Each structure stands twice: as structure tokens, then as C-alpha cells.
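Each remark here refers to the structure printed beneath this line.
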Amino acid sequence: MDNSQKYVIFTSGSEEYAVKIESVLSIEKNEAISPIPHLPDYMLGITNVRGDLLPVLDYEKILGQRTGNEMNHANILVLKTDNLILALRVKEAREILSLSDSSIKEMGLIAYSKANYITGIAQVENRLITLVDPAKMANSLEGMKEVVTYIDKLKTETNAAL
1 MDNSQKYVIF TSGSEEYAVK IESVLSIEKN EAISPIPHLP DYMLGITNVR
51 GDLLPVLDYE KILGQRTGNE MNHANILVLK TDNLILALRV KEAREILSLS
101 DSSIKEMGLI AYSKANYITG IAQVENRLIT LVDPAKMANS LEGMKEVVTY
151 IDKLKTETNA AL
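Per full-length UniProt numbering, residue 1 is the first one in the sequence shown, and the count goes up by one each step.
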């Protein structure tokens with residue numbers, strides 16, 4: 001029997017990507033983002049989602065495919081990893097799909113350390129959907145540990161002020 005799992009499908013540029021539904025806490029409209037100076041290029045700033053301060057990562061910048069278009073109607077995927085909750089700005093969160101194990105092909109790029117968060121490609125009819133592991137993505141980004149430390153400090157200061 002072929003096992004299947006549910007994934008949230010999103011777009012970045014003209015490509016489709018997927019994260020396991022268990023990693024997605026919510027899908028939000030493009031929230032107000034407070035920029036913070038001297039952050040890595042992929043980090044847009046922080047946002048407040050239901051009282052939680054979250055780092056906002058721009059998936060198009062992570063992929064290096066910035067088109068120059070502002071994404072006023074973008075979506076924010078609130079993702080959880082083992083040790084972090086983050087917001088990932090994507091062009092559009094499209095749908096939830098069940099992907100069977102047989103539709104997923106392992107990636108040959110896993111040896112390429114900068115793309116180790118791309119875990120496979122799913123072929124669904126005439127679509128190719130790239131599977132992304134949010135934990136591996138966050139761990140692969142330069143400067144992410146410092147960003148997490150900064151946001152934890154900011155949360156502590158905010159809570160102390162209340």
C-alpha cells in the first residue's frame with residue numbers, strides 16, 4: 001500500500017513548493033513587518049502574529065530569485081521546527097494536497113549543502129512540486145542563530161515591560 005502525507009502547497013516565483021502540514025501552524029495574510037537593521041538579506045524583519053514575535057524570512061530571497069516585484073498580496077506561512085517558530089513570506093499559499101510516497105523522488109542535490117532543505121520533488125499530473133524541510137532550511141541559513149538570539153532577547157524585554 002502506498003502511504004501519503006498532506007502538504008501545504010505554496011508558490012515562490014513561478015515554482016511550486018510544499019511543506020508537510022504538521023509543520024504549518026497557520027497561513028496569514030501579509031502582516032506588517034518591522035524591519036531591523038543589519039539582518040541577513042533573506043530576513044525581512046519581525047512580525048507579530050497573535051501576540052508572538054516571529055522572524056520573517058523571504059523565501060524568494062532564500063532561493064535567490066527576487067524578481068523586484070513587491071509582494072503586497074503575499075501570504076505568510078507560520079512554520080514550526082523543533083526549536084523555532086518562524087514566518088515564511090511566500091507569493092501564495094495555494095492548497096493542501098495529499099502526496100503519495102510513490103509520487104516523491106529523492107533529490108540528487110542533497111549533497112549540495114546549501115540546498116539540503118530541499119528533500120524531494122513530487123510529480124502530480126503535469127506539476128512538479130519541490131518539497132522543503134523548514135527545520136533544515138532554518139539551520140542552513142547563515143546568521144539564523146544570531147537572529148533567533150535577538151528575537152528571544154526582544155521577547156524577554158517586551159515581556160518585562162508588560
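Glycine included, C-beta positions come from ideal geometry on N, C-alpha and C.
On a predicted model such as this, the values are computed, not experimentally measured, just so you know.
| Item | Value |
| --- | --- |
| With a threshold of 7 Å on Cβ separation, who are the neighbours of Asp2 within its own chain once the five nearest residues in sequence on each side are excluded? | Ser100, Asp101 and Ser102 |
| Mind checking which residues open and close the beta strand (DSSP E) that includes residue 167? | Missing from the structure shown is residue 167; the chain here goes from 1 to 162 and no further. |
| If you draw a straight line from the C-alpha of Glu22 to the C-alpha of Ser34, how long is it? | 27 Å |
| Please report the straight-line C-alpha distance between Leu84 and Ile9, rounded to a whole angstrom. | 21 Å |
| If we ignore side chains and look at the alpha-carbon of each, how far apart do Ile46 and Asn116 end up? | 25 Å |
| Could you name the residues of the same chain whose beta carbon sits closer than 7 Å to that of Glu92, not counting the 5 residues immediately before and after it, in chain order? | Phe10, Thr11 and Asn75 |
| Specify, as a first and last residue, the run of the alpha helix (DSSP H) that Ile62 falls within. | Tyr59 to Leu63 |
| Applying the criterion that 16 or more other CB atoms from any shown protein chain within 10 Å of the CB defines a buried residue, is Asp58 buried or exposed? | buried |
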